[in-house]
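The listed protein sequences correspond, in order, to chains A and B. To convert, count from 1 in the first sequence and add 983; that's the working numbering. To convert, count from 1 in the second sequence and add 983; that's the working numbering. Structure first, then comments.
Protein chains: 2
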Amino acid sequence: MSKPSIPQGTRDFSPEVVRKRQYMLNLLKGIFEQYGFQPLETPAMENLVTLTGKYGEEGDKLIFKILNNGLHELKDAKREKVAEDWNKMLEKPFSSPAITERALRYDLTIPFARFVVMNQNELAFPFRRYQMQPVWRADRPQRGRYREFWQCDADVVGSTSLINEAELLCIYQAAFHAMKLPQVTIKINSRKLLAGLAEVSGNAALMMDITIALDKLDKIGWDGVAKELEQRGISADGISSIREIISVTGTNEEQLAALEAIMSGSAIGLQGIEELRKTLAYHQSLVNTAWDSTIEVDISLARGLNYYTGVIVEVTTSAVSMGSIGGGGRYDDLTGLFGLKGLSGVGVSFGIDRIYDVLEELQLFPAALSVATQVMIVNFGGENEAYALRALQPLRQAGVTAEIYPDAAKFDKQMKYANKRNISYVLIAGDDERAANKYSLKNFTTGEQQLLSLEECMAHISSQG
Amino acid sequence: MSKPSIPQGTRDFSPEVVRKRQYMLNLLKGIFEQYGFQPLETPAMENLVTLTGKYGEEGDKLIFKILNNGLHELKDAKREKVAEDWNKMLEKPFSSPAITERALRYDLTIPFARFVVMNQNELAFPFRRYQMQPVWRADRPQRGRYREFWQCDADVVGSTSLINEAELLCIYQAAFHAMKLPQVTIKINSRKLLAGLAEVSGNAALMMDITIALDKLDKIGWDGVAKELEQRGISADGISSIREIISVTGTNEEQLAALEAIMSGSAIGLQGIEELRKTLAYHQSLVNTAWDSTIEVDISLARGLNYYTGVIVEVTTSAVSMGSIGGGGRYDDLTGLFGLKGLSGVGVSFGIDRIYDVLEELQLFPAALSVATQVMIVNFGGENEAYALRALQPLRQAGVTAEIYPDAAKFDKQMKYANKRNISYVLIAGDDERAANKYSLKNFTTGEQQLLSLEECMAHISSQG
C-alpha cells in the first residue's frame, strides 16, 4: 500500500487553521450582515455550459471538468458519439456534453450572475449578497497559488447609485480595522478615467490595450509599460501623454482637479472624475474616524482584463510584502451573459488566503483561538474515573470547554496529550481528591496547583478567562 | 441563449436557507467544541486512488471523477496510453490515472482516515474531530436525495474507552434538545450482539448476511426478512431462533438480562452485552435530566453494510415521517486501509439535510432568522439623502443591522423592497423630518409610525429586539 496523499495544490485545514479561518470569515460575515448583505451559497458543480467562454481562452483551459458517470454502460449511437467526441478532445480544446456535462466552480461571480437570472422574479432588487466558498482552477500550483482556494465576494446588483461604491469602501475599512491590519491603502480609479486617458492621448480605440499595459506598472515599471504601449501601437506622443497623466500627484482632490483640466476634451473622462468625486463625498459622510486605512485616487490603477466599466478599487498593505489583498469594481452588464440585460452591479472581493498569510505573519490572530479545550480531566480509572466523570458535565454547563481523557492511561501520557493540545487546565481526581470531595486544579502554563471544590474550580477558571 | 440552470441533484441555497443552515451548523459546532471535538476540513478533491475500493462496487460507480486537464496537449506514448485506457473505460468500470487522477469527496470518513494517517506524528491521540462539509455522489436524484449534500460527522480515534460512546450519545441528546426536536429515539445495539445472534442461531459464518437482512426489518417487516434469511441460506431453526432473539422486549436492562441468558454460549455475544451495559452506565453518569430523548436497546438494529465492529446507534424522530436522522458506531480498524493498524475509532453522523427538513416541517427554526435587516432608511434624494445617510452608521454602531435604499426611487418601490426583504422598521428622512432634526420610525408589522430623534429610534428598536 502506498502512502496516502492529497492532490497537488489542495490542502487539509487542521483544527488550528480552521479556527483561524473561521475567525476571519465570521468577522467578515458580521460586517456584511451589518451592511445588509445576505449570504448565498451555490453548488460546487455548475453545468459546463454555464462556465465555458466566461473566463477567456486561458480560463477555459483551467476549468476542472467532471467526467460523466456510466460511460461504459452506453450503447450504440450514444457510445459512438462518445468515441467520436473523445477523439476531438484529444485534438483540441473541446467540450463534449456526452463526456463532461459538469465542471467545478471557477469563481463566485458567474454563479452569482446565473443565480440572479434564474431567480430574478423572487429576488428583491437591489440585491446585496455575500458569498464565501471554495473555487477550483487547474493552475500550476506554486507558493500562495492553490488549485482549491476560497473566494469571498460582496456584490450589489440592480442599483447604479454610487452610495453602493461608498458602502463597499466602508466595508473594506471596517473589516481591515476589525482585523487590526496596519498600513492598508485602498486605491480607487474609474474605467471611465482610463477611457478618458485613452481618448486624450489620441488612442480611444486602444483603451483595453492601454489598460492591460498599465496593469503591469507595479511589476515592470514605467519603462516596461512604455515598451508594451509601443508594441501595442501607441504613438510616441500618445505614450508621453499617458505618462504625463499617470504622473499627476497630490491629494485626491488635487489629482481630480488636475485630471479635470487635462480631460476637459473627454466627456467620458469627465464623467469618471464626477463619479469618483461623488463616491468620495458619499464615503466622507459614512466614514468612521477610527478607521486608519486610506483611500487614494490612483489613475494608473487598471485591474487587468475584466468586465469592469466604472469605479474600480484595489487593496494593499505595506506592512508585509504581498500583492493585493482585495479588489473590485462596477460592471454594467454581468447578468447580460445569461440574458438579463440592464442590471448594473458593483462588488468587492477579499483575498482571504493572502489575508490569512498576512495575519499569520503579523501575529494578528487572537491568542484565544489556539486554546480549544480549557480543562482536561485526568482519568485514573475505577472509582476515581466515576468521581472524575461527575465533574465533566457541570463544567460544560458552566460554559467551560471540558473533556476527560477517556482511558485510564499512564499519568505522563495524559499530561503529554494535554500539553500537545494546548489545554489550559488539568483537573486531577485521584484518591486524595475523592476522599476530600475536591479536585486538584493545575494551571498548565504556570504549573500552579490548588485543591478546590468543583464550584471553586469553575469560579477560578471563569475568573482567568 | 438558453436559460441558465444548475446540474440535476444540486441546489442553490438562498439567503434564508443559508441562515437556517448556519443556525443548525453553529448549534452543532458549539456542542462539538464543548465536548472537546476539533474542526477539520479536507479538500473537495481527493486522489482517485484514495477513494476507489472503499465504498463497495456500487459506491465506486457513484464517485464523480475529474477529467485530467490538458489531454489534447499530450504527445506520443502518453497520448497512446490515454487512447488505449479510454477504450477500456468504455468497456467496463475502469479508472485510468492518465485520464482521471482526482475525484470528488464521497463521504467524510475516508478523508478523515487519510488525514489521520498522513498526520499521525503531529496529532495528539485520542483525536476528536468534527467535520461539516459537502460530499458528492452520482446517485439518481429524487426527493430528499441530492448529488451534492452535506455530512456532519464527529469521531474519536485512538481510544477504546466506552466513555467515548457515552459522550457521543450525550452529543446527540444535547443537540436535539437544543434544536427542540421532539420525540427523538436513539436506538443502540452492538455488532458483537449481532455476531452472538448469528452464533446462537447456528449461523456464525453468515453474520453479515443476517445483518443485511435484519437491516431491512423497518422497510419489509419480519416476513420479508424471514424470506431473505431463507434465501441467504439460514435454516428454519436458525430463522425461528433469530425471531425469538429480536422479539425480546422490556426496559434496556430487562432486554440485556434476557439476551444474557440466551447468549450464554456465545463469548462475543456476552461481550456485546457487557459493552452495552458499560456504555449505558457511563451515559447515566453524564446524562442531563433536561434532555427528553430516549436511549433504547434494539437488538434488531443492524446499520447495513459497513465497517462497524462494536456499539452501533441510529437516531429517529416519530414527530414526522422521515427515515433516520443520524447514526454511527465503533470501527476497529479504519485507518488500517491506509496502513496505520490498531487505531480504534467511534463516531456519529448528523443527517443535516433531513434534520433541516424536520425543523422546517415542525417550524422549529427561530423566527429571528428570517429578519436579515432591521432598519431600511428611505432615500428621497438630494439634501434628504445626505440627511438620511447621517443616520446610517450610528445605527450600525448601536448594533442595529441597517441599510439605506441606495437610489432615490419612488416611495412605493422602496416600500415594496422593504416588504419583500421582511425588514422590521423603515426610517423616513424627508423634508419635515429634516426640518425637525428627527426621523419617522415606521414599524413595518404594526404600521405604527413615530417622529423620534435618532437616539430615540435606536432605543426603541433595541427595546423591541
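We put the CB at the ideal spot given by N, CA and C, even for glycine.
| Check | Outcome |
| --- | --- |
| Tell me whether T1300 (chain B) sits in a helix, a strand or coil according to DSSP, three-state version. | strand |
| Three or more beta-carbon pairs under 8 Å between the stretch 1162-1174 of chain B and the stretch 1295-1306 of chain B, yes or no? | yes |
| Mind listing the chain A neighbours of F1132 (chain B)? Cutoff is C-beta to C-beta under 8 Å, in chain order. | Within chain A, no residue comes near F1132 (chain B); the closest Cβ sits about 10 Å away, beyond 8 Å. |
| From L1378 (chain B) to Q1432 (chain B), what does the alpha carbon distance come to, in whole angstroms? | 18 Å |
| Determine the direct distance from the alpha carbon of A1181 (chain A) to that of V1270 (chain A), and round the result to whole angstroms. | 33 Å |
| So who's on the other strand from T1194 (chain B), going by DSSP bridges? | T1194 (chain B) pairs with nothing; no bridge assigned. |
| Give every residue of the same chain whose Cβ lies closer than 6 Å to the Cβ of L1151 (chain A), excluding the five residues on either side of it in the sequence, and list them in chain order. | V1331 |
| For a cutoff of 8 Å on Cβ pairs, would you count I1146 (chain B) as touching chain A? | yes |
| Quick check on the DSSP output: the beta strand (DSSP E) that includes I1278 (chain B) runs from which residue to which? | T1277 to V1280 |
| May I ask which residues mark the beginning and end of the alpha helix (DSSP H) holding I1335 (chain B)? | I1335 to E1344 |
| With R1489 (chain B) and S1304 (chain B) assumed to form a contact (beta carbons below 8 Å), what rounded beta-carbon distance in angstroms separates them? | In the structure as shown, chain B begins at 984 and stops at 1448. Residue 1489 (chain B) is therefore absent and cannot be evaluated. |
| Quick check: the stretch 1113-1130 of chain A against the stretch 1057-1071 of chain A, are at least 3 beta-carbon pairs closer than 8 Å? | no |
| Given this structure, state the Cα-to-Cα distance separating Q1376 (chain B) from R1174 (chain A), to the nearest angstrom. | 29 Å |
| List the endpoints of the continuous beta strand (DSSP E) containing A1086 (chain B). | R1085 to L1087 |
| Who does W1274 (chain B) pair with in a DSSP beta bridge? | DSSP lists no partner for W1274 (chain B). |
| Using a beta-carbon distance cut-off of less than 8 Å, what residues from the stretch 1280-1301 of chain B approach chain A? | none |
| Which ranges would you report for the alpha helix (DSSP H) in the stretch 1052-1092 of chain B if only whole runs of at least 4 residues count? | 1059-1074 |
| Is any beta-carbon of chain A found at less than 8 Å from that of W1069 (chain B)? | yes |
| Once DSSP output is grouped into helix, strand and coil, what is the label at Q1214 (chain B)? | helix |
| Contact between the stretch 1380-1395 of chain A and the stretch 1007-1023 of chain B is defined here as three or more beta-carbon pairs at a separation below 8 Å; is this criterion met? | yes |
| Following the continuous alpha helix (DSSP H) through R1112 (chain A), name the residue where it begins and the one where it ends. | Per DSSP, R1112 (chain A) belongs to no alpha helix (DSSP H); it is in the beta strand (DSSP E), F1110 to W1119. |
| Along chain A, in chain order, which residues have C-beta atoms closer than 7 Å to that of T1384 (chain B)? | E1016, Q1017 and G1019 |
| What span of residues does the alpha helix (DSSP H) with S1423 (chain B) cover, start to end? | From DSSP, S1423 (chain B) is part of no alpha helix (DSSP H) but of the beta strand (DSSP E) over Y1422 to N1426. |
| Within 10 angstroms of its Cβ, does I1049 (chain B) collect 16 or more other Cβ (buried), or is it exposed? | buried |
| Would you say R1097 (chain B) reaches chain A, if we count a Cβ-Cβ gap shorter than 8 Å as a contact? | yes |
| Any beta-carbon of chain B closer than 8 Å to the one on I1411 (chain A)? | no |
| Please go through the stretch 1353-1394 of chain A and give each complete alpha helix (DSSP H) segment of 4 or more residues, from N-terminal end onward. | 1365-1380 |
| Taking 8 Å as the threshold (C-beta atoms), are E1105 (chain B) and W1119 (chain B) in contact? | no |
| Should N1104 (chain A) be flagged as near chain B, meaning a C-beta pair shorter than 8 Å? | no |
| Examine the Cβ distances between the stretch 1405-1418 of chain A and the stretch 1157-1168 of chain B and report whether three or more of them are shorter than 8 Å. | no |
| Note down, in chain order, all residues in the stretch 1165-1197 of chain A with a beta-carbon under 7 Å from any beta-carbon belonging to chain B. | none |
| For H1055 (chain B) and chain A, any beta-carbon pair shorter than 8 Å? | yes |
| Tell me the start and end of each unbroken beta strand (DSSP E) in the stretch 1219-1259 of chain B that is at least 3 residues and wholly inside, in chain order. | none |
| Count the other C-beta atoms from every protein chain shown that fall within 10 angstroms of the C-beta of N1030 (chain B), then say buried if there are 16 or more, exposed otherwise. | buried |
| Which of the three DSSP states is assigned to A1418 (chain A) in this structure? | helix |
| Say whether chain B places a C-beta atom closer than 8 Å to the C-beta of F1321 (chain A). | yes |
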